[in-house]
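Numbering (the UniProt record's numbering), first residue to last: 1 to 215. Heads up, the beta-carbon is just placed ideally off N, CA and C, and yes, glycines get one too.
Okay, structure coming up:
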């Protein structure tokens, strides 16, 4: 633990002494905060918007089961492990911040243009963290296309440094995706497209931070 803290301190001290990194990091942190703020405000507004529904080809075959606590253990356990593992790698944290800001922005856009109603038999996934940031006591039901939980887990897999952790997060992504479908929190299309949006955001962030080759 002490060794990890020393490595954390030294790596961030070195990274923040670099003006280019420092500028990118603070701008990225600001943009992440802004994107999360506007997404939170929008999701609250989105609950009252008129929307549309469709018969999901998978969900119609079974009734939902409440697996809320399994979902939360998987999600927040993975987040804690992932962020702790990456904490001593400033440039990876930078990529994570930028990627998640893009994921949040893409969710706002896709939800705006595709205002889906919740699946008819949904068992609400009461997320205390989401409710805290939205400032609403009502559980969000229509933050659907695409699945933010699934995208977040896949983003952890993409940004993890060690191969073993990458595979753990890939498996976690599959389990979280299964959980939100079992509970009818999302349509199948929400879950299947989430990794695509996460990967797109990740690739854009990598391109932004790509080092220019010397002439």
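Status (buried if at least 16 other CB within 10 Å, exposed otherwise) for residue i
{"i": "residue 34", "result": "exposed"}
{"i": "residue 207", "result": "exposed"}
{"i": "residue 88", "result": "buried"}
{"i": "residue 100", "result": "buried"}
{"i": "residue 73", "result": "exposed"}
{"i": "residue 32", "result": "buried"}
{"i": "residue 46", "result": "buried"}
{"i": "residue 90", "result": "buried"}
{"i": "residue 215", "result": "Since pLDDT at residue 215 reaches only 41, below the 50 mark, its modelled position is unreliable, and the value read off the structure follows with that caveat. Flag for residue 215 reads exposed."}
{"i": "residue 6", "result": "exposed"}
{"i": "residue 80", "result": "exposed"}
{"i": "residue 195", "result": "buried"}
{"i": "residue 109", "result": "exposed"}
{"i": "residue 246", "result": "The shown model of the chain, from 1 to 215, leaves out residue 246, and the question about it has no answer."}
{"i": "residue 211", "result": "exposed"}
{"i": "residue 71", "result": "buried"}
Limits of the alpha helix (DSSP H) - the one that residue i falls within
{"i": "residue 103", "result": "90-113"}
{"i": "residue 28", "result": "19-46"}
{"i": "residue 63", "result": "Taken as a continuous stretch (DSSP letters only), residue 63 belongs to no alpha helix (DSSP H), as it is neither H nor E."}
Beta-bridge pairing of residue i - partner residues as DSSP gives them
{"i": "residue 54", "result": "For residue 54, which the question treats as bridged, DSSP gives no partner whatsoever."}
{"i": "residue 116", "result": "52"}
7 Å CB neighbourhood of residue i in its chain, flanking five on each side removed
{"i": "residue 191", "result": "147, 150, 177, 180, 181"}
{"i": "residue 103", "result": "151, 155, 197, 198, 201"}
{"i": "residue 119", "result": "56, 59, 184, 187"}
{"i": "residue 175", "result": "74"}
{"i": "residue 78", "result": "153, 156, 169, 172"}
{"i": "residue 126", "result": "68, 139"}
Cβ neighbours of residue i in the same chain (closer than 8 Å, five flanking residues each side left out)
{"i": "residue 121", "result": "59, 63, 64, 184"}
{"i": "residue 11", "result": "88, 89, 90"}
{"i": "residue 159", "result": "82, 86, 92, 95, 96, 99, 202"}
Neighbourhood of residue i by C-beta distance below 6 Å, restricted to the same chain and skipping five residues each side
{"i": "residue 98", "result": "28, 205"}
{"i": "residue 25", "result": "94"}
{"i": "residue 49", "result": "115"}
{"i": "residue 21", "result": "15"}
Contact with chain C by residue i, beta-carbon distance below 8 Å
{"i": "residue 10", "result": "Looking at the structure shown, chain C is missing, and only one protein chain is on hand."}
Length at least 3, wholly inside the UniProt domain "Sphingomyelin synthase-like" (143-202): the beta strand (DSSP E) runs in chain order: Runs found: none.
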